[in-house]
Amino acid sequence: MNILVTGGAGYIGSVVTEILQRRGYKPFVVDNLSIGRRKYVPEDIPFFENDIADSDAIAKIIRDNHIDVVMHFAAFALVGESVENPEKYFTNNIEGTLNLLKGMKAGGCKRIIFSSTCAVYGNPVKDALDESHPKNPINPYGYSKLVMENCLDWYAQAYGFKYNIFRYFNAAGATALHGEDRDIETHILPILLQAAFKERDHFTIFGNDYNTNDGTCIRDYIHVEDLAEAHILGIENMNSHPRAIYNLGTGNGYSNLQVVNALKEITGMDFEVKYGERRPGDPDMLVAAATKANQELKWVPKHSDLKNIIETAFSWKNKLLEK
Ligand SMILES: NC(=O)c1ccc[n+]([C@@H]2O[C@H](COP(=O)([O-])OP(=O)(O)OC[C@H]3O[C@@H](n4cnc5c(N)ncnc54)[C@H](O)[C@@H]3O)[C@@H](O)[C@H]2O)c1
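To convert, note that position 137 of the sequence shown is 120 in the working numbering; the numbers rise steadily by one, no gaps.
Pasting the structure below:
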């Protein structure tokens, strides 16, 4: 089966491409390299340096390579930047994705797995978020993903598209070959590892007066390899559930302070931790209720205990530093 991976030179897309190939699927990658790196797409995988907004190029790639399914990771995903510059997010994540869909329709592929986010929910009104939780995004990034979720459903109704939408919680960890490596890191693990390796002089926890046990925010970390597994299950699942949305998280939350302490303990590295101001729009706790993915998609996270997440991210960091 031929799978077109948009954003396959980025973090999650490169891991999914690796695992698709390992499982005998034939991945093709489209990436404009605005964030991702060419070196993370292996030479034996067909690579197209195109923008998803180029619907003619997308249609041609789909037609020429008999693409069966598109896995759509390409997007901008920095929450803070989206607040400062919503236009950048609406242009890439909404207009870009609409053009991708146009290209898919013209090229004759109507099956898509779409990377969405728990940011579509906004401030939680209950502890564990299930898919029916109200969708009130509090930043343009989350809003851009919600718009495309809704558009996809209209595409399904009008044009016969099939979709599985995955709302990831916090992707983390690495494989031996792929992990996080961007010019600008905003996620907790790569930043903690920068502090551990003295690439920054301390680590800042934003806020210690949240309504949690230790006062720091609680988040649900999901190993990127478990995310990849869900995408593979989604390929078949789209036949029986052609308009489905699933949360991908573990249902367990860890506070920022717990992650910091676990990383120090597991890696044996020490660094200074400071407390800063709360960041606007950070809820106390974001934890998934992922029962629907467990039951319907038959997805069970196997790699997502915090120790494994930290160990794999640490090995990846060591590998980056060796280069
Ligand atoms: N990382 C997370 O924790 C997380 C959580 C929730 C949702 N997501 C979503 O998952 C997807 C992948 O996230 P990631 O962390 O791998 O991001 P990433 O930034 O590492 O990768 C995104 C890739 O898309 C490419 N890209 C961006 N715009 C493009 C365009 N217009 N045309 C072609 N290529 C383009 C970039 O060059 C990059 O290689 C995103 O859609 C993101 O919103 C990520």
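C-beta atoms are modelled at their ideal positions from N, C-alpha and C, and glycine is treated no differently.
Classify Pro263: buried if its beta carbon has 16 or more other beta carbons within 10 angstroms, exposed otherwise. Result: exposed.
Since Val283 is in the beta strand (DSSP E), which residue starts that stretch and which ends it? Per DSSP, Val283 lies in no beta strand (DSSP E) and is assigned neither H nor E.
Indicate the three-state DSSP secondary structure (helix, strand or coil) for Met252 in the structure shown. Three-state result, Met252: coil.
Let's test the definition: count the other Cβ atoms within 10 Å of the Cβ of Val108 and tell me whether it reaches 16, buried, or not, exposed. By the neighbour-count rule (16 or more Cβ atoms within 10 Å), Val108 is not buried but exposed.
Smallest Cα separation from Asp267: which of Met87, Asn196 and Val(-2)? Ranking the options by Cα distance to Asp267, first place goes to Asn196.
Secondary structure of Val108, DSSP reduced to three states: The three-state reading of DSSP puts Val108 in coil, since its state is none of H, G, I, E or B.
Would you say the beta carbon of Ile2 comes nearer than 7 Å to a heavy atom of ligand 1? Checking every heavy atom of ligand 1 against the Cβ of Ile2, none is found closer than 7 Å.
Report the CB separation of Leu175 from Leu246 in whole angstroms; it is logged as a contact under 8 Å. That belief holds up - the Cβ atoms of Leu175 and Leu246 are roughly 5 Å apart, short of 8 Å.
For Cys92 and Val103, the rounded distance between their alpha carbons: Rounded to the nearest angstrom, the two C-alpha atoms are 26 Å apart.
If we require 3 or more residues per run, which beta strand (DSSP E) segments fall completely within the segment 128 to 155? List check, beta strand (DSSP E) in window: 145 to 151 and 153 to 155.
Counterpart residues of Met54 in DSSP-defined beta bridges: Met54 is bridged to Val(-12) and Ile96.
Using a Cβ-Cβ cutoff of less than 6 Å, which residues in the same chain neighbour Ser238 once the five nearest sequence positions on both sides are dropped? Contacts found: Thr195, Asp197, Thr199 and Ile201.
Does the distance between the C-beta of Thr233 and the nearest non-hydrogen atom of ligand 1 fall short of 7 Å? Flag unset: Cβ of Thr233 not near ligand 1.
Just tell me which of Asn222, His214 and Leu240 has its CA closest to the CA of Ala276. Of Asn222, His214 and Leu240, the residue nearest in Cα terms is His214.
Residues near Pro69 in its chain [Cβ-Cβ closer than 7 Å; skip 5 each side]: Taken in chain order, the residues that qualify are Pro123.
Cβ pair count under 8 Å reaching 3, the segment -7 to 0 against the segment 204 to 218: Contact holds between the segment -7 to 0 and the segment 204 to 218, because three or more Cβ pairs, one in each stretch, are under 8 Å apart.
Taking contact to mean at least 3 C-beta pairs separated by less than 8 Å, is the segment 158 to 177 in contact with the segment 124 to 137? A contact is defined here as three or more CB-CB pairs under 8 Å, and the segment 158 to 177 fails this definition with respect to the segment 124 to 137.
May I ask whether a heavy atom of ligand 1 can be found less than 7 Å away from the beta carbon of Asp166? A distance criterion of 7 Å places the beta-carbon of Asp166 beyond contact range of ligand 1, judged by its closest non-hydrogen atom.
Of the residues Tyr(-6), Asn222 and Gly143, the one placed nearest Ala159, counting alpha carbons only: The candidate whose alpha carbon is nearest that of Ala159 is Tyr(-6).
Should Asn291 be counted as a contact of ligand 1 given a C-beta to heavy atom distance under 7 Å? For ligand 1, not one heavy atom lies less than 7 Å from the Cβ of Asn291.
I believe Tyr258 touches Asn191 by the beta-carbon criterion, under 8 Å. Please report the beta-carbon distance rounded to the nearest angstrom. With 8 Å as the limit, Tyr258 and Asn191 qualify as a contact, their Cβ atoms being about 5 Å apart.
Within this structure, are the beta carbons of Leu3 and Val53 separated by less than 8 Å? Taking 8 Å as the cut-off, the beta carbon of Leu3 is found no closer than this to the beta carbon of Val53.
Determine the DSSP secondary structure at Val13, reduced to helix, strand or coil. Looking at Val13 - three-state DSSP - the assignment turns out to be strand.
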